[in-house]
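When the letters of the sequence shown are read in order and numbered with the working numbering, they come out as residues 993 to 1079. C-beta atoms are modelled at their ideal positions from N, C-alpha and C, and glycine is treated no differently. Okay, structure first, notes after.
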Amino acid sequence: MTEKFAVANIKCGGCANTIKNNLEKLVPASTTVVDFEAGVVEVTAATYINRQLVLKKLAALGYPEADQNNVLHQVKSVASCLVGRLD
């Protein structure tokens, strides 16, 4: 099963690392591909992917759905980006 998410605030490889690391912990036995140029996150797993749970996690990291972005999400994404660059 594969789910795609159009999200805001993905700017670089640091953002992509943060998203990938967090979602692969959230969805067991999954693979996450982040296209930061297109702003798309793709999660593939052998089992059911809880779309709402993934969206909630992405928003908590600062990467909400593209049409739900706000200043708080933008600030969170900067912090998440820095963490991803350090990993």
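CA-CA distance, residue i and residue j?
i	j	result
K1012	A1058	18 Å
V1019	G1005	21 Å
T1036	L1047	15 Å
L1050	G1031	12 Å
T994	I1041	8 Å
F1028	K1068	16 Å
L1053	K996	17 Å
Determine whether the beta carbon atoms of residue i and residue j lie at a separation below 9 Å.
i	j	result
V1033	L1045	no
Q1066	N1009	no
So what does DSSP say about residue i, is it helix, strand or coil?
i	result
T1150	As shown, the chain starts at 993 and ends at 1079. That puts residue 1150 outside it, with no answer to give.
V1019	coil
L1058	One detail in the question is off: residue 1058 reads as Ala in this sequence, not Leu. It is helical.
K996	strand
**Message:** Could you check whether the stretch 1061-1076 touches the stretch 1022-1040, counting it as contact only if at least three pairs of C-beta atoms, one from each stretch, sit closer than 8 Å?
**Reply:** Taking 8 Å as the limit for Cβ pairs, the verdict is that the stretch 1022-1040 does not touch the stretch 1061-1076.
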